[in-house]
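Participant: In our numbering, the protein residues as written are 515 to 848.
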Amino acid sequence: MLGALFAVLSAATFAFNNAAMRRGVITGTPIQGMAITIPIGLLCFFPAALVVAATTGVPHLALAGTAWMAGVGIVHFIIGRYCNYRANQEAGVNLTAPVVQLQVAVAVILAVVVLHEPCTVLQAIGGIVMLAGSLVTQRQPHEPAGAASRDKPAAAPEPTFLPRRAAGYLFASLAALGYGTSPIMARIALEHTSPATGVIGGLIAYAAATAAIATGLVSRTFRKNVGGLQRENLRWFLYSGLFVATAQGFNYAALSIAPIMLVAPILQLSLVFRFVFANALTPDHEVWGRLVIIGSVLSIAGACAISIDTDLIVHALALPQGIADVLRWRIAGG
515 MLGALFAVLS
525 AATFAFNNAA
535 MRRGVITGTP
545 IQGMAITIPI
555 GLLCFFPAAL
565 VVAATTGVPH
575 LALAGTAWMA
585 GVGIVHFIIG
595 RYCNYRANQE
605 AGVNLTAPVV
615 QLQVAVAVIL
625 AVVVLHEPCT
635 VLQAIGGIVM
645 LAGSLVTQRQ
655 PHEPAGAASR
665 DKPAAAPEPT
675 FLPRRAAGYL
685 FASLAALGYG
695 TSPIMARIAL
705 EHTSPATGVI
715 GGLIAYAAAT
725 AAIATGLVSR
735 TFRKNVGGLQ
745 RENLRWFLYS
755 GLFVATAQGF
765 NYAALSIAPI
775 MLVAPILQLS
785 LVFRFVFANA
795 LTPDHEVWGR
805 LVIIGSVLSI
815 AGACAISIDT
825 DLIVHALALP
835 QGIADVLRWR
845 IAGG
């Protein structure tokens with residue numbers, strides 16, 4: 515399905531963005547990252563919107579839809595992104611990522627309750643398996659690079675990072691709430707439209723978020739924070755801004771033609787892509803091991819259970835009629 519393909523591409527580009535963002539926020543600040551990545555997103559969506567308008571005409575988006583997408587810009591790009599950056603800064607990705615990944619649970623629950631989207635038993639199991647996969651992946655212990663080859667293997671490496679767990683979990687929870695709510699808002703705005711309208715919607719969302727950042731420049735503290743940006747951090751935030759804008763474009767295109775129950779869980783494949791990109795770009799500063807592999811496999815299996823039609827899976831596995839009926843049973847939705 516085209517919607518599933520867009521969602522997978524979104525997951526991959528989100529993962530590359532995450533790797534770049536993590537590099538930048540280690541010595542930079544969340545505000546600096548937002549001040550760079552959000553305007554870049556607007557600059558990326560603007561020419562894309564021009565191409566859409568030139569090739570297909572200006573897609574129609576009702577006033578209510580425009581308002582919803584502006585709200586997405588505030589909820590996702592301002593609130594969610596700041597809380598995610600702050601959580602990573604306070605406690606690191608390994609501790610906070612499992613909490614942030616609860617966004618899929620938030621999105622799925624809201625999709626069923628607010629949008630009345632159908633949810634079968636098999637899809638529910640798939641969601642649980644995906645969440646379990648993300649948690650298992652994050653349980654992988656980290657051994658500092660080069661520790662095994664030291665002349666004194668018994669000497670423990672000096673800690674370079676002391677996580678502030680309470681603050682990290684708090685901001686990670688807020689990020690999950692923001693990231694899980696924004697797809698519902700986008701779906702309400704873009705339902706029954708087209709991928710081209712999704713591009714316009716993304717432009718509106720980034721414009722609203724950029725306006726909020728510009729308003730923040732009124733604050734002297736805000737300006738001082740942004741003014742302290744270092745050149746090395748700037749480079750990584752530029753990469754992050756470019757790829758997160760691309761990821762959002764794929765995301766909104768997927769939401770315009772596919773339900774939340776399909777798009778939101780597939781986006782969690784970014785867990786798999788994230789470790790692939792991190793291992794390729796910064797192999798000496800990443801976590802890898804048996805639990806990462808197990809978690810990745812579980813995430814893929816869960817995504818398949820959710821994204822592939824339940825009847826297709828049931829027939830392919832030749833399940834007994836009783837089990838098939840249970841897996842087809844809709845626990846919620848129309």
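In this text, a Cβ means the ideal position worked out from N, Cα and C, and glycines have one as well.
1) Between the alpha carbons of Ile845 and Leu831, how many angstroms are there, rounded?
2) Helix or strand or just coil, what does DSSP make of Arg734?
3) Check the C-beta distance from Ala726 over to Ile588 and give it rounded, since I have them as a contact under 8 angstroms.
4) Under 8 angstroms between the Cβ atoms of Ala621 and Pro709?
5) Taking the alpha carbon of Gly542 as the reference point, which residue from Pro677, Leu704, Ile552, Phe751 has its own alpha carbon closest?
6) Pick from Ile593, Ala815, Gln762, Cys818: whose alpha carbon is nearest that of Ala526?
7) Considering only residues of the same chain and omitting the five flanking positions on each side of Thr711, which have a CB-CB separation below 7 angstroms?
8) Tell me the rounded alpha-carbon separation between Ser524 and Ala759.
9) Is the distance from the Cβ of Ala815 to the Cβ of Val828 below 8 angstroms?
10) If you measure between the beta carbons of Ala728 and Arg679, is that distance less than 8 angstroms?
11) Which whole runs of the alpha helix (DSSP H) in the stretch 812–838 are 4 residues long or more, in chain order?
12) What's the C-alpha gap between Thr580 and Ala625?
13) CA-CA distance, Gly716 and Val607?
14) What three-state label does DSSP hand Arg745 in the structure shown?
15) Among the residues of its own chain, which have a CB less than 7 angstroms from the CB of Gly730, if the five just before and after it don't count?
16) As a quick exercise: from Ile552, Ile623, Ala681, pick the residue whose alpha carbon is nearest that of Pro773.
17) Please go through the same chain and pick out, in chain order, the residues whose beta-carbon is closer than 7 angstroms to the beta-carbon of Gly692, but skip the five residues on each side of it.
18) Quick check: what's the CA-CA separation for Ala669 versus Gln835?
19) Measuring CB to CB, does Gln782 end up less than 8 angstroms from Gln615?
20) Report all residues from its chain with a CB closer than 7 angstroms to the CB of Gly741; omit the five preceding and five following residues, and keep chain order.
21) For the candidate residues Val628, Ile545, Thr569, whose alpha-carbon lies nearest to that of Met699?
22) Could you name the residues of the same chain whose beta carbon sits closer than 6 angstroms to that of Glu672, not counting the 5 residues immediately before and after it, in chain order?
Facilitator: Result, derived from the coordinates:
1) If you take the alpha carbons of Ile845 and Leu831, they lie about 22 angstroms apart.
2) Helix at Arg734.
3) Yes, they are in contact, since the Cβ atoms of Ala726 and Ile588 sit about 6 angstroms apart, within 8 angstroms.
4) With contacts defined as CB atoms closer than 8 angstroms, Ala621 and Pro709 fail to qualify as a contacting pair.
5) For Gly542, the closest of Pro677, Leu704, Ile552, Phe751 by C-alpha to C-alpha distance is Phe751.
6) Among Ile593, Ala815, Gln762, Cys818, the Cα nearest to that of Ala526 is on Gln762.
7) Same-chain partners within the cutoff: Pro573, Leu575, Leu704, Ser770.
8) Cα to Cα, the separation comes out at about 10 angstroms.
9) No, the pair does not count as a contact, with Cβ atoms beyond the cut-off.
10) No, they are not a contact pair.
11) Whole alpha helix (DSSP H) segments, 4+ residues: 824–831.
12) Within the model, the alpha-carbon separation for Thr580 versus Ala625 is close to 20 angstroms.
13) In a straight line, the C-alpha of Gly716 is about 27 angstroms away from that of Val607.
14) In the three-state reduction of the DSSP assignment, Arg745 falls in the helix class, which pools H, G and I.
15) Excluding sequence neighbours, Gly730 sits near Phe736.
16) Ranked by how close their Cα comes to the Cα of Pro773, the residues Ile552, Ile623, Ala681 have Ile623 in first place.
17) Sequence-distant partners of Gly692 (beyond 5 residues in either direction) whose C-beta falls short of 7 angstroms from its own C-beta, in its chain, are Val589, His590, Ile593, Gly594, Cys597.
18) Only weak support exists for where Ala669 lies, its pLDDT of 48 falling under 50; the value from the coordinates is given anyway. Per the coordinates, the alpha-carbon of Ala669 lies some 60 angstroms from the alpha-carbon of Gln835.
19) It is a contact, given that the beta carbons lie within the stated cut-off.
20) Excluding its 5 nearest sequence neighbours in each direction, Gly741 has no C-beta neighbour in its own chain below 7 angstroms.
21) Considering only alpha carbons, the answer is Val628.
22) Its pLDDT being 45, under 50, Glu672 is placed unreliably in this model, and the value from its coordinates should be taken loosely. Excluding the 5 residues flanking it on each side, Glu672 has no same chain C-beta neighbour closer than 6 angstroms.
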